[in-house]
Amino acid sequence: LSRRDDAGFFEGKVSIRKRQPLRYHAGNAGGDWWLTDPYSFGPVLGPMDDYYMAEGSHLRLFDKLGAHIVEHEGATGVHFAVWAPNARRVSVVGAFNDWDGRRHTMRDRRDTGIWELFIPDLGAGQPYKFEIIGPDGVRLPLKADPFAFESELRPATASVTAPPIAHQWGDEAHRGYWQKADPRREAISIYEVHAGSWQRRDDGTFLSWDELAARLIPYVVDTGFTHIEFLPISEHPYDPSWGYQTTGLYAPSARFGDPDGFARFVDGAHRAGVGVILDWVPAHFPVDEHGLVKFDGTALYEHADPRQGFHPDWNTAIYNFGRREVVSFLVNNALFWAEKYHVDGLRVDAVASMLYLDYSRKAGEWIPNEKGGRENLQAVSFLQKMNKEVYGHHPGVMTIAEESTSWPKVSRPVHEGGLGFGFKWNMGFMHDTLEYLSKEPIFRKHHHNDITFGLVYAFSENFVLPLSHDEVVHGKGTLLNKMAGDDWQKFATLRAYYAFMWGYPGKKLLFMGQEFAQRREWSEERALDWNLLEFAPHRGVWQAVRDLNYLYRSRPALHARDCEPEGFSWLIVDDRDNSVFAWLRSAPDGNSVAVVANFTPVPRENYRVPLPKAGKWREIINTDAEAYGGSGMGNGGVVEASGEGGGISATMLLPPLSTIMLEFVAD
18 LSRRDDAGFF
28 EGKVSIRKRQ
38 PLRYHAGNAG
48 GDWWLTDPYS
58 FGPVLGPMDD
68 YYMAEGSHLR
78 LFDKLGAHIV
88 EHEGATGVHF
98 AVWAPNARRV
108 SVVGAFNDWD
118 GRRHTMRDRR
128 DTGIWELFIP
138 DLGAGQPYKF
148 EIIGPDGVRL
158 PLKADPFAFE
168 SELRPATASV
178 TAPPIAHQWG
188 DEAHRGYWQK
198 ADPRREAISI
208 YEVHAGSWQR
218 RDDGTFLSWD
228 ELAARLIPYV
238 VDTGFTHIEF
248 LPISEHPYDP
258 SWGYQTTGLY
268 APSARFGDPD
278 GFARFVDGAH
288 RAGVGVILDW
298 VPAHFPVDEH
308 GLVKFDGTAL
318 YEHADPRQGF
328 HPDWNTAIYN
338 FGRREVVSFL
348 VNNALFWAEK
358 YHVDGLRVDA
368 VASMLYLDYS
378 RKAGEWIPNE
388 KGGRENLQAV
398 SFLQKMNKEV
408 YGHHPGVMTI
418 AEESTSWPKV
428 SRPVHEGGLG
438 FGFKWNMGFM
448 HDTLEYLSKE
458 PIFRKHHHND
468 ITFGLVYAFS
478 ENFVLPLSHD
488 EVVHGKGTLL
498 NKMAGDDWQK
508 FATLRAYYAF
518 MWGYPGKKLL
528 FMGQEFAQRR
538 EWSEERALDW
548 NLLEFAPHRG
558 VWQAVRDLNY
568 LYRSRPALHA
578 RDCEPEGFSW
588 LIVDDRDNSV
598 FAWLRSAPDG
608 NSVAVVANFT
618 PVPRENYRVP
628 LPKAGKWREI
638 INTDAEAYGG
648 SGMGNGGVVE
658 ASGEGGGISA
668 TMLLPPLSTI
678 MLEFVAD
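Its first residue numbered 18, the sequence shown is counted upward by one per residue in my numbering.
#1: By the 10 Å Cβ neighbour count, where 16 or more other Cβ atoms means buried, how is GLY63 classified, buried or exposed?
#2: From PHE508, ASP188, GLU452, pick the residue whose C-alpha is nearest to that of ARG288; which is it?
#3: How long is the line joining the alpha carbons of PRO627 and HIS464, rounded to whole angstroms?
#4: So, are the CB atoms of ALA534 and GLY646 less than 7 Å apart?
#5: Just list the alpha helix (DSSP H) runs in the stretch 364-443, keeping only unbroken ones of 4 residues or longer that don't cross its boundaries, in chain order.
#6: Roughly how many whole angstroms lie between the Cα atoms of HIS121 and MET70?
#7: Helix, strand or coil for GLY285 per DSSP?
#8: Using the C-alpha atoms, what's the distance from PRO299 back to VAL397?
#9: I'd like to confirm the pairing. Which residues does DSSP put opposite HIS328 in its beta bridges?
#10: Where in the stretch 657-681 do unbroken runs of the alpha helix (DSSP H), each at least 4 residues long, occur, reported from the N-terminal end onward?
#11: Can you tell which of MET371, ALA355, ASP322, GLN395 has the C-alpha that lies nearest to the C-alpha of GLY381?
#12: Is LEU568 closer than 7 Å to TRP634 when the C-beta atoms are compared?
#13: Buried or exposed, going by whether 16 or more other CB atoms sit within 10 Å of the CB of THR264?
#14: Excluding sequence positions up to five away, which residues of its chain have a Cβ less than 8 Å from the Cβ of ASP283?
#15: Taking Cβ to Cβ, would you say PHE166 is nearer than 7 Å to TRP226?
#16: Am I right that THR676 and THR617 are in contact with their C-beta atoms under 8 Å? What's the rounded C-beta distance?
#17: Taking PHE247 as the reference, which of PHE528, HIS42, VAL95 has the closest Cα?
#18: GLY94 and LEU139 - do their beta-carbons sit closer together than 7 Å?
#19: From the DSSP output, read off the bridge partner residues of PHE480.
#20: Within the continuous beta strand (DSSP E) that includes SER609, where are the two ends?
#21: Determine the burial state of VAL87: buried for a count of at least 16 other Cβ atoms within 10 Å of its Cβ, exposed for fewer.
#22: Consult DSSP for ILE182 and reduce its assignment to one of helix, strand or coil.
#23: Look up ILE250 in the DSSP assignment and say whether it is helix, strand or coil.
#24: Tell me the rounded alpha-carbon separation between SER370 and LYS311.
#25: Measuring straight from C-alpha to C-alpha, what distance separates ILE417 and GLY362?
#26: From PHE79, ALA204, LEU229, pick the residue whose C-alpha is nearest to that of PRO163; which is it?
#27: According to DSSP, what are the bridge partners of ARG592?
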């Protein structure tokens, strides 16, 4: 080959009779080397890939786009493919070519806007990016791969070539159970976790997935939770975003190790009977220059008009849900986590911001839909498609919406006009109950309806009751600090609140640290204050949560009809003067549990509670028990219900700031 110019362009003629890999011997002052010509190989993608990609119906994009180690035409290497329809040129760059975009220019598949190239002799662990020249001829900042399966540890931002998941799964029993189960009738108690601050090493660094598995999974099993829900673990550049501003939707964050480590964690959780749910963020993405924003020099993943494409609350870009390729990118990501990592659910963040075009916008700052309304019809269509595909391909996986408005039928099937989610967070329950318990007990009688109103809509959706990370940050304090009264009253009220919640219809979610009444507000910069478990009041709250989880799981009356009005009936609804509430939870088989809550510090002696059956009712939990740090007041473990005076009822002692649960004892 002869050099054609000083920039390093060489040209020569090679006589070959058939297509075959061509190897060149090159050298300079620094030495010599051999390289195989990537352009002597044909394309990897085929016409059917083009067809389904162009149609937006390809449901295995994660097997086609990104970087894949493959055997191709007799050689081993990495196949790169990326969507950049408006680019003039796209190149793969990395240390393997001195980050020189002239070395590995990709081929344009014009029908789809996909660029691809197979680079032989390349393996796993290679950092890479895409060098893109936009339609105006300007070279863009180097871009990370939207489909990268692994990334460099921040502050580095390159993608990394990754082999397929090598872990051998052993979770068939767990997955088989949930594939056949109706989650609405299952006990679901979720422990919400930020992987970077649950615990840390002694030097303050993050635990790896394997270290988390060794500590977190046994703790969750012991405490009785059924699921772990992680705040977003996809790659993100900024720790204080908690993962909600992700630049790598397909890559588990390098903060905790490699992708196989996360697979091992999920498998370990499943083998222990614990499900894993991921926070998932399809609403928006950060505007870091290495990310999706202006990916090919145009507004590709986002809207060009900031009235549609910019989120004023978070200074992020909003996905263009009207573009089929963007919808396909996001739907495939949901399927990817379910298939490749066996996750049990996706909690979809910020759904309200997706549904309304005027979300956090003033008049004139948003564009109405084609019908003149404020509803984002394209986002609705996307959410429906995502849910249909997830439930259609992975029946054991559930989707959960964080949706804070009164949008109807969020957790109803698409064919019934719903969004298709399995569950929705009950933000009204969280807000009303915390507001009520922040009042001094003497004033609670004036806010009695804050508690009773929730049952008006409790079965309009399939609800999760969330006491999430959002309630313990940004100056909101902790759940313990929100409770009114002195220290003893705060602990007593918190225990009573947890039992109230575990007895209330709906699945449960509790953020880490609140199970032992963390005093300090949560910060992603430090671990939880685990030393608090050495102190009796905190240990007592943890023990109460543990016992509540085991009760909730073992009594179908407390979970099997969480989403059915037949599973709930009021026993006492209007005793505002005493701030007492009582109700009955019923199982499909007729067994029931009575829940009685006293939200004042005054013991209620000889208090009459209606019950459905005459006979003995056993106290299965009393949050005022000494074992939990309470005063030890109660009913000796049993109350007697009789039909004297018309109707069946039991006279009992209601301890101060307590919740008790009772179940019938058959003769």
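We treat Cβ as the ideally placed atom computed from N, Cα and C, and that holds for glycine.
Let's see:
#1: Locating residue 63 in the sequence shown gives position 46, where the first residue counts as 1. Exposed is the call here.
#2: Here residue 288 refers to the residue found at position 271 of the sequence shown. Considering only PHE508, ASP188, GLU452, the residue with the shortest C-alpha distance to ARG288 is ASP188.
#3: Locating residue 627 in the sequence shown gives position 610, where the first residue counts as 1. Locating residue 464 in the sequence shown gives position 447, where the first residue counts as 1. Answer to the nearest angstrom: the Cα atoms are 23 Å apart.
#4: On the sequence shown, residue 534 is found 517 positions in, with the first residue counted as 1. On the sequence shown, residue 646 is found 629 positions in, with the first residue counted as 1. The answer is no: Cβ separation not under 7 Å.
#5: Along the stretch 364-443, the alpha helix (DSSP H) occurs as fully enclosed runs of 4 or more residues at 368-372, 394-410, listed in sequence order.
#6: Working through the sequence shown from its first residue, we reach residue 121 at position 104. Working through the sequence shown from its first residue, we reach residue 70 at position 53. Rounded to the nearest whole angstrom, the CA to CA distance from HIS121 to MET70 is 24 Å.
#7: Sequence index remark: in the sequence shown, residue 285 carries index 268 (1-based). Residue state, collapsed to three classes: helix.
#8: In the sequence shown, counting from the first residue as 1, residue 397 sits at position 380. In the sequence shown, counting from the first residue as 1, residue 299 sits at position 282. In this structure, the straight-line span from the alpha carbon of VAL397 to that of PRO299 is close to 12 Å.
#9: Locating residue 328 in the sequence shown gives position 311, where the first residue counts as 1. Bridge partners of HIS328: THR333.
#10: As for any alpha helix (DSSP H) of minimum length 4 sitting wholly inside the stretch 657-681, there is none.
#11: For this step, residue 381 is matched to residue 364 along the sequence shown. Closest by alpha carbon: ASP322.
#12: Here residue 634 is taken as the residue at index 617 of the sequence shown, counted from 1. Here residue 568 is taken as the residue at index 551 of the sequence shown, counted from 1. No, these two residues do not count as a Cβ contact at 7 Å.
#13: Taking the sequence shown and counting its residues from 1, the one referred to as residue 264 is at position 247. The residue is buried, with at least 16 neighbouring Cβ atoms inside 10 Å.
#14: Within the sequence shown, residue 283 is the residue found at index 266, counting from 1. What sits at residue 283 in the sequence shown is Val, not Asp. Cβ neighbours of VAL283 beyond the five flanking positions: ASP188, VAL293, TYR358, HIS359, VAL360.
#15: Stepping through the sequence shown from its first residue, residue 166 is reached at position 149. Stepping through the sequence shown from its first residue, residue 226 is reached at position 209. PHE166 places its beta carbon 7 Å or farther from that of TRP226.
#16: Within the sequence shown, numbered from 1, the residue matching residue 676 stands at position 659. Within the sequence shown, numbered from 1, the residue matching residue 617 stands at position 600. About 13 Å; that fails the 8 Å criterion.
#17: Numbered from its first residue, the sequence shown carries residue 247 at position 230. It is PHE528.
#18: Here residue 139 is taken as the residue at index 122 of the sequence shown, counted from 1. Here residue 94 is taken as the residue at index 77 of the sequence shown, counted from 1. In this structure, GLY94 lies closer than 7 Å to LEU139 by Cβ.
#19: On the sequence shown, position 463 is the one that residue 480 refers to. PHE480 is bridged to LYS441.
#20: Counting from 1 along the sequence shown, the entry for residue 609 is found at position 592. Element bounds for SER609: 609-615.
#21: To locate residue 87, count along the sequence shown from 1; it is residue 70. Counting the other Cβ atoms within 10 Å of the Cβ of VAL87 gives fewer than 16, which makes it exposed.
#22: Here residue 182 refers to the residue found at position 165 of the sequence shown. Coil.
#23: Residue mapping note: residue 250 aligns to position 233 of the sequence shown, counting from 1. Coil, per DSSP.
#24: The count along the sequence shown starts at 1 and reaches residue 370 at position 353. The count along the sequence shown starts at 1 and reaches residue 311 at position 294. If you take the alpha carbons of SER370 and LYS311, they lie about 22 Å apart.
#25: Along the sequence shown, one-based indexing puts residue 417 at 400. Along the sequence shown, one-based indexing puts residue 362 at 345. Distance between the alpha carbons of ILE417 and GLY362: 7 Å.
#26: Position 146 of the sequence shown, counted from the first residue, corresponds to residue 163. Nearest C-alpha to PRO163: PHE79.
#27: For this step, residue 592 is matched to residue 575 along the sequence shown. The question names Arg, but residue 592 is Asp in the sequence shown. In DSSP, ASP592 forms a bridge with VAL597.
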